[in-house]
Structures are given as structure tokens and as C-alpha cells.
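**Student:**
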Amino acid sequence: MNRTKNTQNTTDLLWLSDLHLERASDETRKRFLERLRSTCCDAILITGDISTSEHLTHHLGEISDACDDRKVYYLLGNHDYFHGSIREVERTVIALSQDHRNLVPLGQGEIIELSPDTALVGHRGWFDGLAGAGEETWIESPDHQKIDDFKHLDRREFFERLRQLGEDSATYLRQVLPAALSRYRHVMIATHVPPFYQGVKYDGRDCRWERQPFFTNSAAGNTIVGILKRFPHRRITVHAGHSHSAANVRMSRNLSIQVAGAQPVKPAFNGLLQIN
Ligand SMILES: [Fe+2]
Ligand SMILES: [Fe+2]
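Mapped onto our numbering, the consecutive letters of the sequence shown carry residue numbers 858 to 1133.
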């Protein structure tokens, strides 16, 4: 079966996010993979929370097999690191992409041309704890106990580490985004945590002040806005996940954010993006 379109100047990009495959039953997961196998598209984009660390290799391998010769551009979300450490999980993922050539982990400096006008860049991002109530929030993040890097940290140290992780994504964007914008009219930024609180819903409603620190990557957002000011005739669309509540917000004339909705026990498609 030929599932690729092969139209010269456009790309049909299937967008997936927050699959949380470790929570789906075997039967649901197999049905999802079969649908993935038979869906016509040129490439796949996954914006994080694919699984948890102990199942990630297996689940990414299954996705790779289902996508066959189609590229799978993906980045990890915070849940992908659960029960592991950030460094170890990332090492595993890089090694996996050596064995599965269609798996392309984003965040290694790549600028991927999707069409003559549009490029894709990506980085996992992380909530940086700075939005809304910031460190004053009374809400706890499960990541604090479920990711090895955080377990031993007290609350102040945890927030400091979140700030560093947010800054990592901002630094990465400063490295790749100007180069992408100088060559392409439209740049898609794939990331896990929304960089703008305006795109964050929680259970379909505006995300409360106390939750925002764990649902926004302010450092990445400020960096994107700052860089785009230098390229007023270019356009950026951010694709993110994490909140599980769909949102599509036009931030300004040339900046938009789309956030994927998700139901963890029902892995689904978030849409077919037609890139031209
Ligand atoms: Fe998620
Ligand atoms: Fe997440």
C-alpha cells in the first residue's frame, strides 16, 4: 500500500501528541498502530508524552514499524522521563534512532524543510515554573517525585531546575530559529509544553493561575517573541501538547499556537497538517 502522497511542493504531516501509550490497553494500542500504518500522509510529528521511560523504546519501535518509510519527527514530553533520568532517557532515544532510521528526534540542531516555504524545528521544552503563581503555587507537580533528576531536590531547588530546563529550550531556539526564519517564510516550532499561557486550557477552561507554572514555558515564549520581532515578514506556528486541552490561538499577525487535545487511554490523531 502506498501511503505517501509524493506531491512535490507540499507535505501532509500527521500530528500526534500525548499518546501516553503505557496507559492504553494492548487492544487499543494495536488498533491505533494499525490506523497509523494505513493512514495516508508524508510524515508524522509527535509533540511528546509518548509513553514512560521503561516502555519508551518499545513503543517508539512500534511507531517506527507502523510508519515504515515515513519519517517520524518527535520530541519527548515530561512523562517520557517518568521512572528514569533525563540524561539516560535521551541517550536511549538517540541510540534508538540509529536502529530505526525513520525516527528523527528533534532538538539536535536540525532545520527540516517541509516545503519550499515552511521548515520545522523542535525542542522538548519544559514548564519553567515562572508563569502565573510561579513558586508561590500550592499545587505540586508529579514530576518532582517521578523523575530521578528531581527526587532529591527540595522545593526551591526543584523550581530552580525547572527554570534551567526552560532556559535550555530558549537557548536552543536562539541557536536554530534565526537561521530557520532567515531561509523560510513560515517556521513551525514543535515543543511539548506550550510557550504561551494563552494557549493553555485545563479541562477545556482557562488554566488557573496556580497551575500555570506547570503548564507554560515562559522562557521559550519570550525568546520566540523576541526573535520574531527581527523577522516581521515571517510567520511562526507553535505546535505543543502537555495540557491535553485543544487550543488554537492567534497571538499576533504572524504568531499562532496550536495545542493538541488528548485523552490518555485513547491515543488519537490530532490532525493532518497540510504544509505548502
Ligand atoms: Fe500528556
Ligand atoms: Fe506533559
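The beta carbon of each residue, even a glycine, is placed where N, CA and C say it ideally should be.
Does the beta-carbon distance from VAL1057 to THR1073 come in below 7 Å?
**Tutor:** Cβ distance < 7 Å, so VAL1057 and THR1073 count as in contact.
**Student:** Taking all protein chains shown into account, do 16 or more other C-beta atoms lie within 10 angstroms of the C-beta of GLU879, making it buried, or fewer, making it exposed?
**Tutor:** Label assigned to GLU879: buried.
**Student:** Give a yes or no on whether the C-beta atoms belonging to ALA1036 and VAL1044 are separated by under 7 Å.
**Tutor:** The answer is no: Cβ separation not under 7 Å.
**Student:** Can you tell me the Cα-Cα spacing of THR904 and LEU1034, whole angstroms?
**Tutor:** Their Cα atoms are separated by approximately 18 Å.
**Student:** Could you give the distance in angstroms between the alpha-carbon of TRP995 and the alpha-carbon of ALA988?
**Tutor:** Rounded to the nearest angstrom, the two C-alpha atoms are 14 Å apart.
**Student:** Counting only runs that start and end within the segment 952-1035, where is the beta strand (DSSP E) found for 3 or more residues in a row?
**Tutor:** You should have 960-962, 975-979.
**Student:** Around ligand 1, which residues pass a check of Cβ closer than 5 Å to any of its heavy atoms?
**Tutor:** Selection output, chain order preserved: ASP875, ASP906.
**Student:** If you run the structure through DSSP and keep just helix, strand and coil, what is VAL1082?
**Tutor:** Helix, per DSSP.
**Student:** Leaving aside the five residues before and after SER921 along the sequence, list all residues of the same chain whose C-beta is less than 6 Å from its C-beta, in chain order.
**Tutor:** Excluding sequence neighbours, SER921 sits near HIS957, ASN959, LEU960.
**Student:** Between ALA1097 and LEU963, is the Cβ-Cβ spacing less than 7 Å?
**Tutor:** No.
**Student:** Just to confirm, are ASP985 and ARG1020 a CB contact at a threshold of 7 Å?
**Tutor:** Result yes, Cβ atoms of ASP985 and ARG1020 sit closer than 7 Å.
**Student:** Would you report the Cα separation of GLU951 and ARG1092, rounded to the nearest angstrom?
**Tutor:** In the sequence as presented, Glu is not what sits at residue 951; that position holds Ile. The straight-line gap from Cα to Cα measures roughly 30 Å.
**Student:** Between which two residues does the beta strand (DSSP E) harbouring SER1113 extend?
**Tutor:** Taken as a continuous stretch (DSSP letters only), the beta strand (DSSP E) holding SER1113 covers 1112-1116.
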